[in-house]
Structure formats: structure tokens, C-alpha cells
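Below is one structure, written out as C-alpha cells; the observations come after it.
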Amino acid sequence: MEDTKSVATLIGSTASKIQQLQKAFAELESQRALTLNLRWKELEEHFSGLEKSLKRRFHELEDQEKEFETKTRKAREMLQKREAAVVAKEQSSLVRLQEKRDAAVFAITNALEKHRKLSSGQPADNGDNGELSVEEKQPEDIKSSFENGNLEVKSYPQLVKLCEEMDSEGLQKFISDNRKNLAALKEEIPWALKAAASPARLVLESLEGFYPSEVDGKKDANLLGLRRTCIMLMECLSVLLSNLDMVSVLALISEDIKEQANLIAEEWKPKLDALDMDASNGNSLEAHAFLQLIDTFGIASGFNEEELSRLIPMVSRRRQAADLCRSLGLSEKMPGVIEVLVKNGRQIDAVNLAFAFELTEQFSPVPLLKSYLKEARKASSPVKPGNASPTAQTEVSERELTALKAVIKCIEEHNLEEQYPVDPLQKRVLLLEKAKADKKRATEVAKPQPKRPRANGAGYGPRVTNIAADKTFYPRVTDRYMQYVYDRPYVYAGPADNHSHSLLASATYNFSPSHGNYFGNGYQYQTPYLH
Numbered sequence: 001m002e003d004t005k006s007v008a009t010l011i012g013s014t015a016s017k018i019q020q021l022q023k024a025f026a027e028l029e030s031q032r033a034l035t036l037n038l039r040w041k042e043l044e045e046h047f048s049g050l051e052k053s054l055k056r057r058f059h060e061l062e063d064q065e066k067e068f069e070t071k072t073r074k075a076r077e078m079l080q081k082r083e084a085a086v087v088a089k090e091q092s093s094l095v096r097l098q099e100k101r102d103a104a105v106f107a108i109t110n111a112l113e114k115h116r117k118l119s120s121g122q123p124a125d126n127g128d129n130g131e132l133s134v135e136e137k138q139p140e141d142i143k144s145s146f147e148n149g150n151l152e153v154k155s156y157p158q159l160v161k162l163c164e165e166m167d168s169e170g171l172q173k174f175i176s177d178n179r180k181n182l183a184a185l186k187e188e189i190p191w192a193l194k195a196a197a198s199p200a201r202l203v204l205e206s207l208e209g210f211y212p213s214e215v216d217g218k219k220d221a222n223l224l225g226l227r228r229t230c231i232m233l234m235e236c237l238s239v240l241l242s243n244l245d246m247v248s249v250l251a252l253i254s255e256d257i258k259e260q261a262n263l264i265a266e267e268w269k270p271k272l273d274a275l276d277m278d279a280s281n282g283n284s285l286e287a288h289a290f291l292q293l294i295d296t297f298g299i300a301s302g303f304n305e306e307e308l309s310r311l312i313p314m315v316s317r318r319r320q321a322a323d324l325c326r327s328l329g330l331s332e333k334m335p336g337v338i339e340v341l342v343k344n345g346r347q348i349d350a351v352n353l354a355f356a357f358e359l360t361e362q363f364s365p366v367p368l369l370k371s372y373l374k375e376a377r378k379a380s381s382p383v384k385p386g387n388a389s390p391t392a393q394t395e396v397s398e399r400e401l402t403a404l405k406a407v408i409k410c411i412e413e414h415n416l417e418e419q420y421p422v423d424p425l426q427k428r429v430l431l432l433e434k435a436k437a438d439k440k441r442a443t444e445v446a447k448p449q450p451k452r453p454r455a456n457g458a459g460y461g462p463r464v465t466n467i468a469a470d471k472t473f474y475p476r477v478t479d480r481y482m483q484y485v486y487d488r489p490y491v492y493a494g495p496a497d498n499h500s501h502s503l504l505a506s507a508t509y510n511f512s513p514s515h516g517n518y519f520g521n522g523y524q525y526q527t528p529y530l531h
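Here the sequence shown stands for residues 1 to 531, where the numbers follow UniProt numbering.
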């Protein structure tokens, strides 16, 4: 900086030096008979040109120096942030590792204590004079090892009764009838399951009817509810198992129970092979139930990891997806899953999974979101306002509006505002919503009003218009850009997830060979599902 100031001072004194030179030149000229005006002008122009050139170059160097200092400062700030993030991740990983270590030590200690007590006790009267093994423990022994959980079921004591009676159908019906209070039910079901003679067997029996032999179109809604309840019961059983010691878990999930669960999984697996990913939209109940089944009953070792990872795109928008992947040991497969989502135009899901598995360095979120928005606008551009019908133009606007809202929601959920400002996107959303509202008002004004009847009651009947002319017969093209839900938190941290009704509209699924192994291109998201 001192050198810069000295250079600036020298350049500033150039004018005074030129004036001094001019005076000296004038004195020299006065002593000569020959005039030197022409020569002085040449010298003056030469020095002026040198001065301007030096000043311009000096200012350029100053600008470059400032730009370099700005870049250096930003780089240092970014480096500090990354260092802080790395330290925070390290601390978080250490805390999680310590928690897992403590939990493992606690479980092992409890298991050893239980085993010591069983070994030192009197042998059971089973004819073999042998010890009562974990698999041979009776339901009464299992329940005695639980804490008294029935006291925790306060709102719905009927749950305890149904579990005690091992009434899987009654349990399904009770949950369906009280679906409005699903959150309270989910908190109490794990404790109510303790009252069952065999909680695991009760849950397995509740899976009956997940794939009915005949599906009536009028009963599709009931089938969806049944499948959601099946998934919820398996999740509640997992919660119960996570609160038990190792001996009780092994007693509950015996080899016989695992064998039954494996038979169900093998029966479901061929049906998943025929499942069309285009219709699942990342919300497949069938794929979710299959993954939850093998996770809850600990039978993942009997299935190929590659095959399981191919099901993840079918459940990528469900809130349990990330936890299921970790529990099933599929974390290493997630980069491949994210690449599949990106290739199929599902960048929002890809960003969510990248954050869930800390893969944002490999899959940068902002370029993915910009790519998603660019493709959405590109898909909306082919329709020409002069040639397209009003309905087609509305669908184009809806697609762009949906994509914009999805991107804004993702940016806000993951705190990406500094890297991707949302103000321009929000302005575009307001513009599209205003145009949508104006078009709706114009349509309502243009509707013909029915004639009023005469006072004596004998009047003209209402004019019958050609209703078919007002309808749109444009087929609903499967949209590549998903209808994301905006009234819920981030997908994997515990949001409400949604299901695609089109997935279960029929009893069979057609899987076109053109889809390849398991990828799809169209995603149409439906109403959110409360589970």
C-alpha cells in the first residue's frame, strides 16, 4: 500500500514538473533568436500523453488489486465456513458414535446379565433337563421381561384389548376408524403391542390382504388405507423392538417368525418386479412395505443389496426412506440412487437425499435445482399462446408454478438462500398466480346465466348448453415434473408423505420393456398421506 501511495504522489506531481519545464523552456527561448513554439507543443503533447497513459494504467492496477483482495477475502470466509462445517460434522459423528457404543455396551451387559440369571436358575421341566433357550421362551416369559407398558396406553385402552386377543382384523379396523387421530395412535400402538402374546406374529397376521386376489375399483381407497396401516404396524413394532433389550428382541423375532416373514417377502417380491416406476412417483406403498418388512424382521441378509437399492427411487419421497436405507445397510448405494433420480428429472428428491446422506460435495444442490427449473420451463415452452387452448395454457402455467414452488421449498428447507436467492423465484410465482386468478375470474364472468322463471311458475326451462363443449378432452400426459407438497417439512426428517392413487388403480401392473431395469420418466404427485 505504501508503494501505491508513493506512485500516486509521483503521478500527481507530473503537472507541476511540466510547468517548471515550460518556464525553463520559455527562458531558453527568450535568449534565442529562433522561436521554439512548435517544438514546445510537441514536447507538451508528448508529456501529456505519457501522463494520461500512466494514470490509466495506475487506475487499472488499483481495480485489479481491489478485485484480488475481494476474492481473497471471500475465499478465506468460505474456507473458514468449510472448516467450521467439518469440525461440526466431526463432533456430530463422534457424538453419534459414542451413543451407539454406549447403547451396544448397555445391550451386551443386559444380555450377559439375563444369560447369567437364566444359567443360575432352576432348569425348566421340559424333559431334557436343559436350559430354556432364547427361542424356547414362552410368551409369558417374554412379557415378564418387558416393562409395564400397558399403563402408557392412556387414550385408547381398546388397543390393549385387541392386542391381548391377537385380533389383527379388529386392530386394522380400529386404526381405520380412528385415522383422524393417527398421531396419537402411533404413539400408543408400540406399547399396546406389549400386551400381545406374540407382537411379531400379530403384525404378520395383519399383513393378510395386502395383495388381495381380486380388487374392486370401488374398494381401492380401502385397500390404500389397509396398506398404510400395515406399514404403520411394522413401524410400531420396530419402535417396540428398539426399546427392548437384546434377549427380548431375539425372543420376539424368533427363527420361526423370521421364516414366516421371509415367506411373505418372497411372495411379494415378484409383484414388485412388475411395478411401474412411472406410476410410483417415489411414493410406492408396495415397495415401502417390502423394505419395511425385511427391516423390521431382520431378514435383509437373504436379499441382494443391488436389488434392494433399485427399490429406493420408488420410495424416495417417503419420510422413512433415509432411515430405511441406513437400517438396511444401503448407505453406500446412495450415490448411484441419486444419479438415477437426477437422470430421471427428479432433482428435488436427489437434493433431499444428498443432504440426508451428506453427499452435497458430490452432488451440488444449487446446480441440480437450477437444472430442474430449467427443464420445467423447457417443458412448458413448446405451447404457443396463439395456437394452444386456454386449458393447455393453464396446464403449462401450473407446471411451471409447481416447479418454482418445489425449488423455493427445497431452498428454504436446506438454508440455501445465500447460494440461490429466492426473491426472483417468488416474484415469478406471484406473477403466475395473479395471471391464474385473473383467468379464473374472466372464465366465471363469461359463463352464461340461466333464465329466471316467470312469477306464475310457467316459464321456460333452463337452457341446456352443450356441456361437452366446455369440457377438455386433452389427455393427461404423465408429467415429468412432480407435484410436490408444500405444507409439510422436509421429506426424511418426519414430513407427511403422500401416495399415488394411480399406482393402485388396478390389481396388476404392466412394466414396459422400454423402461429398462427400473427407471421411469414420469412423476405425478397426489394428495399427501398422513402416515
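By construction, the Cβ of each residue, glycine as well, lies at the ideal position given by its N, Cα and C atoms. Just so it is clear, the structure is predicted and the values come from calculations on it, not from any experiment.
How many Å lie between residue i and residue j at the Cα?
i      : j      : result
Val315 : Lys436 : 32 Å
Leu21  : Lys41  : 12 Å
Phe355 : Phe174 : 37 Å
Ala26  : Leu10  : 24 Å
Ser198 : Met166 : 8 Å
Ile408 : Leu341 : 19 Å
Leu226 : Ser331 : 30 Å
Lys23  : Leu79  : 58 Å
Pro270 : Cys230 : 19 Å
Asn281 : Arg317 : 8 Å
Leu159 : Ala192 : 6 Å
Leu311 : Ala183 : 27 Å
Gly12  : His59  : 13 Å
Lys74  : Ser371 : 26 Å
Asn181 : Leu293 : 24 Å
Val249 : Asp256 : 14 Å
Val95  : Val87  : 12 Å
Asn304 : Glu205 : 26 Å
Glu51  : Gln19  : 13 Å
Ala196 : Arg179 : 22 Å
Pro365 : Val351 : 6 Å
Arg346 : Leu244 : 39 Å
DSSP three-state label for residue i, please.
i      : result
Thr72  : helix
Asn262 : helix
Arg318 : coil
Thr360 : coil
His414 : coil
Met232 : helix
Asp102 : helix
Leu54  : helix
Gly329 : coil
Phe210 : coil
Asn110 : helix
Asp273 : helix
Leu97  : helix
Ala196 : coil
Asn222 : helix
Val407 : helix
Val422 : coil
Which word fits residue i, buried or exposed, when buried means at least 16 other C-beta atoms lie within 10 angstroms of its C-beta?
i      : result
Asp102 : exposed
Pro367 : exposed
Asn344 : buried
Tyr481 : Reliability of the predicted coordinates at Tyr481 is poor, the pLDDT of 42 falling under 50, and the value obtained from them is presented with this limitation in mind. It is buried - the Cβ of Tyr481 has at least 16 other Cβ atoms within 10 Å.
Ala403 : buried
Asn283 : buried
Asp295 : buried
His46  : exposed
Leu430 : exposed
Arg57  : exposed
Val337 : buried
Val203 : buried
Phe68  : exposed
Lys194 : buried
Between which residues of its own chain and residue i is the CB-CB distance below 7 Å, once the five residues before and five after are set aside?
i      : result
Met334 : Cys325, Leu353, Phe357 and Leu359
Glu418 : none
Asn246 : Position check: residue 246 holds Met in this sequence, whereas Asn was assumed. Hits under 7 Å: Ala107, Asn110 and Ala111.
Thr72  : none
Phe363 : Ile338, Ala350 and Ala354
At a cut-off of 7 Å, would you count residue i as near the ligand COA, judging by its Cβ distance to the nearest heavy atom?
i      : result
Glu259 : The model on display carries no ligand, and the ligand COA is accordingly not part of it.
Within the same chain, show all residues whose beta-carbon is closer than 6 Å to that of residue i, passing over the 5 residues directly before and after it, in chain order.
i      : result
Cys236 : Ile189 and Pro190
Leu171 : Leu162
His414 : Phe355
Val422 : Ile408 and Ile411
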